[in-house]
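Peer 1:
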Amino acid sequence: MADVSKVTPDIIENPGEFTTDGLFFLRAAQAAIRRECGWHVTPSWTHTIRIDGYGGGTLILPSSHVTDIIGLEYGGINHVDDIDWSEKGTVVLRHGVLPDRPGAIRVTLTDGWNPEDVPELHALTLSLAKRAATAPAPMIASQSTNGSSISYITNGGAPIGLQLFEAEKRQLDPYRLTWGARTI
């Protein structure tokens, strides 16, 4: 059997230098929100993504707030002048057919919400970070000695800590991707 420690990098690269300060918990809260939504949500930024093509004339981008598409390339040609697109991330090719190949399409787009338009996401991020930073060590619900069994108090089966509660998940519903490939 291979020595996994020599093959797989550690999640925390330098444990001796690792600190759990406020910035750490803010980043963890942001990651939890983005993972739940399936894309970066905020802020608005311009970036290039590589996505799969499935043929046909319609492409669904992994975003629900697109404000500009600067490039749509496949086959070495930029087709941005031959598309129609919506804020919700639907792209329609006016002529021809999209390739049917994994990773065949490169899209350069501006998407995401401006921070001032989504203050509720900032409040949720701060709330999650505070909850994670002040969470006590896992509380033991039951323990047995001979069987070496231990169970912890959870939130619906998930460990208490940086888990989104159902009300928080509902708060993210307007931003969650419910179609296509998720980027997070």
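For the sequence shown, my numbering begins at -6 and goes up steadily by one. Even for Gly, the Cβ is constructed at its ideal location relative to N, Cα and C.
Apply the 10 Å Cβ neighbour rule to Thr82 and answer buried if 16 or more other Cβ atoms are within range, or exposed otherwise.
Peer 2: In the sequence as displayed, the identity of residue 82 is Gly instead of Thr. Per the 10 Å Cβ criterion, buried.
Peer 1: Nearest to Ala24 by alpha carbon, out of Thr118, Ala128, Tyr168, Gln164?
Peer 2: Residue Thr118 is the option with its Cα nearest to Ala24.
Peer 1: Could you pull the start and end residues of the alpha helix (DSSP H) that Ile26 belongs to?
Peer 2: 15 to 30
Peer 1: So, with DSSP's three-state summary, where would you put Val85?
Peer 2: strand
Peer 1: Pair every Cβ in the region 101 to 120 with every Cβ in the region 1 to 10, then say whether three or more of these pairs are closer than 8 Å.
Peer 2: no
Peer 1: What's the gap between the Cα of Thr1 and the Cα of Gly89?
Peer 2: 44 Å
Peer 1: Taking the Cβ atom as the reference point for each residue, do Pro36 and Pro108 lie within a distance shorter than 8 Å?
Peer 2: Closer than 8 Å, so yes.
Peer 1: With the cut-off set at 8 Å, would you say Phe18 and Ala126 are in Cβ contact?
Peer 2: The Cβ atoms of Phe18 and Ala126 lie closer than 8 Å to each other.
Peer 1: Among residues of its own chain, excluding the 5 on either side of Phe11, which ones have a beta-carbon nearer than 6 Å to its beta-carbon?
Peer 2: Ile5
Peer 1: Within its chain, find whatever has a CB closer than 8 Å to the CB of Tyr67; leave out the 5 residues flanking it on each side and keep chain order.
Peer 2: The residues are Gly46, Leu91, Pro92, Ala97, Ile98, Arg99.
Peer 1: Assign Leu115 to one of two classes, buried (16 or more other C-beta atoms within 10 Å of its C-beta) or exposed (fewer than that).
Peer 2: Position check: residue 115 holds His in this sequence, whereas Leu was assumed. So His115 counts as exposed.
Peer 1: Does the beta-carbon distance from Trp38 to Ser56 come in below 8 Å?
Peer 2: no
Peer 1: Going by C-alpha to C-alpha distance, which of Arg124, Gly50, Ile26 sits closest to Val85?
Peer 2: Gly50
Peer 1: Does DSSP classify Arg43 as helix, strand or coil?
Peer 2: In this structure, Arg43 counts as strand in the three-state DSSP scheme.
Peer 1: Are the CB atoms of Glu29 and His196 within a distance shorter than 8 Å?
Peer 2: No answer is possible for residue 196: it lies beyond the span of the chain, which begins at -6 and ends at 177.
Peer 1: For Ile44, count neighbouring C-beta atoms within 10 Å of its own C-beta (all shown protein chains included) and say buried if the count is 16 or more, exposed if not.
Peer 2: That one is buried.
Peer 1: For Asp77, name the three-state secondary structure that DSSP assigns.
Peer 2: In the structure shown, Asp77 sits in a strand (DSSP, three-state: E or B).
Peer 1: Residue range of the beta strand (DSSP E) that Asp171 falls in?
Peer 2: The question names Asp, but residue 171 in the sequence shown is Thr. Counting along the chain, Thr171 falls outside any beta strand (DSSP E), and DSSP gives it neither H nor E.
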